[in-house]
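Residue numbering for the sequence shown follows UniProt numbering, starting at 1 and increasing by one per position.
Think of the CB as a built atom: it goes at the ideal place given N, C-alpha and C, for glycine as much as any other residue.
The next block holds one structure in the form of structure tokens; read it before the comments.
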Amino acid sequence: MAWTLSTSLDEFRSAAGGFLAADPAANTVLLTVVDRIERDGPQVYGDAPPRYGWWREPDGTVTGATLRTPPYGQRLGRMTTAAAEALARRLADGDRRPDDAGGGREAVFAFARELERLTGRGWSVATNERLYRLGELTPPPAPPAGRARPAAPAERELVARWFAAFAAEAGVNVPGDLRADADQRIAAGALLLWEAEDGRVTSLAGASPAVAGMSRIGPVYTPPELRGRGYASALTAAASAHARAGGAAEVLLYTDLANPVSNAVYQRIGYLPVGDAVHVVFN
């Protein structure tokens, strides 16, 4: 059993593509990141090349996968705790060692504990999340007046500002040009806005293009002064329908467990819990 690490997307897709597609819920982040790199180029997340890894059993079967898009941290897909510990040992030295990691709770905790044992670097939980899968979509019975529509190229500045506001609230550092990110997502048809009756735009929701039959909703953002009026709930339902219309058999989203309101809203429109995830940062 061993990890193979590479900067070649072609090698990663050849080795681990089938594994990722076989469990699109557990590997949702890896699938959407790879799809974005294929569509927008290897520098879409930063100047440094993405780094990929896959774990093979003695018979050659791939049973784990990971990737990192510097300056972002290590993202763990589905894997055993033994594979997570072995990954920590491979990444413990030099510039390969990440400053943060995210993924399924058990795997990330195993990774973090092993990295701490090897390096002495402590760690803490930054975010506890829950992954949800859409069951029967149940739009709000009394949505606010207005409509969901695709974001337009002319709205890139608004979208970029809301991306920044969402990241600040979530406590996430987002490097790079958010206007370019907005341009790319708008061009891909991956962003919806809620437009109120008076023409004001009141909420934003992303829906990633379907890959391996899966789309993930996010981010979802409403400015604080417009919250509590049902905009996010109605737009998330519309984005979910949009994802299914785009070919997604599975529609997923992550919520912050520290936000009971959003967790309740998503469950009311048909989302069912799949499992817990965590994001940790190293001291």
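Run of the alpha helix (DSSP H) containing residue i, from where it starts to where it stops
{"i": "A26", "result": "From DSSP, A26 is part of no alpha helix (DSSP H); its letter is neither H nor E."}
{"i": "L67", "result": "It is not in any alpha helix (DSSP H) - L67 instead sits in the beta strand (DSSP E) that spans 62 to 68."}
{"i": "T138", "result": "Note, T138: premise wrong, no alpha helix (DSSP H); not H, not E."}
{"i": "T119", "result": "105 to 119"}
{"i": "R89", "result": "81 to 91"}
Residues of its chain near residue i, where Cβ-Cβ distance is below 6 Å and the 5 sequence neighbours each way are ignored
{"i": "P219", "result": "F166, G206"}
{"i": "T80", "result": "none"}
{"i": "A239", "result": "L192, A205, A207, I217"}
{"i": "F163", "result": "L178"}
{"i": "L91", "result": "R97"}
{"i": "S262", "result": "T255"}
{"i": "R121", "result": "F282, N283"}
{"i": "A83", "result": "W55, G64"}
{"i": "T119", "result": "A92"}
{"i": "D10", "result": "none"}
{"i": "E85", "result": "A110, E114"}
Neighbourhood of residue i by C-beta, 7 Å cutoff - its chain only, sequence neighbours within 5 removed
{"i": "T32", "result": "S208, V211, R216"}
{"i": "P49", "result": "T7, P42"}
{"i": "V274", "result": "A25, L131, Y132, R133"}
{"i": "R244", "result": "V251"}
{"i": "R36", "result": "V44"}
{"i": "L272", "result": "Y132, R133, G135"}
Beta-carbon spacing of residue i, residue j below 8 Å
{"i": "E136", "j": "G270", "result": "yes"}
{"i": "V29", "j": "R75", "result": "yes"}
{"i": "A160", "j": "R185", "result": "no"}
{"i": "G247", "j": "E197", "result": "no"}
{"i": "E250", "j": "G213", "result": "yes"}
{"i": "L87", "j": "F111", "result": "yes"}
{"i": "E114", "j": "W123", "result": "no"}
{"i": "A107", "j": "V62", "result": "no"}
{"i": "G46", "j": "T66", "result": "no"}
{"i": "L20", "j": "G53", "result": "no"}
{"i": "P140", "j": "S203", "result": "no"}
{"i": "V278", "j": "G102", "result": "yes"}
{"i": "P144", "j": "R268", "result": "no"}
Beta-carbon proximity list for residue i, same chain, < 8 Å, skipping 5 on both sides
{"i": "N276", "result": "Reading the sequence as shown, one finds Asp at residue 276 and not Asn. Answer for D276: G104, R105, N128, E129, R130, L131, L257, listed in chain order."}
{"i": "N173", "result": "A167"}
{"i": "P153", "result": "D183, I186, A187"}
{"i": "A190", "result": "G206, A207, S208, P209"}
Which listed residue (the options) has its alpha carbon closest to that of residue i
{"i": "A26", "options": "A65, R78, G53", "result": "R78"}
{"i": "A2", "options": "W55, Q43, A82", "result": "W55"}
{"i": "Y231", "options": "G189, A151, F111, A142", "result": "A142"}
{"i": "G171", "options": "R51, A126, R36", "result": "A126"}
{"i": "A151", "options": "A112, E225, V201", "result": "V201"}
{"i": "G199", "options": "A148, Y221, A234, R227", "result": "A148"}
{"i": "P71", "options": "D59, D100, R89, G60", "result": "D100"}
{"i": "V44", "options": "D181, E169, P144, R13", "result": "D181"}
{"i": "L253", "options": "H242, N259, P260, Y266", "result": "Y266"}
{"i": "W194", "options": "F12, G60, R227", "result": "R227"}
{"i": "Y221", "options": "R13, E169, G60, G94", "result": "E169"}
{"i": "L235", "options": "T138, E57, E155", "result": "T138"}
{"i": "P175", "options": "G73, R89, E38", "result": "G73"}
Residue span of the beta strand (DSSP E) that contains residue i, given as start and end
{"i": "R75", "result": "74 to 76"}
{"i": "T4", "result": "2 to 6"}
{"i": "G122", "result": "Note, G122: premise wrong, no beta strand (DSSP E); not H, not E."}
{"i": "G53", "result": "51 to 56"}
- Item | In chain order, each alpha helix (DSSP H) run of at least 4 residues that lies wholly inside the UniProt domain "N-acetyltransferase" (146 to 283) | 156 to 170, 178 to 187, 231 to 245, 260 to 268
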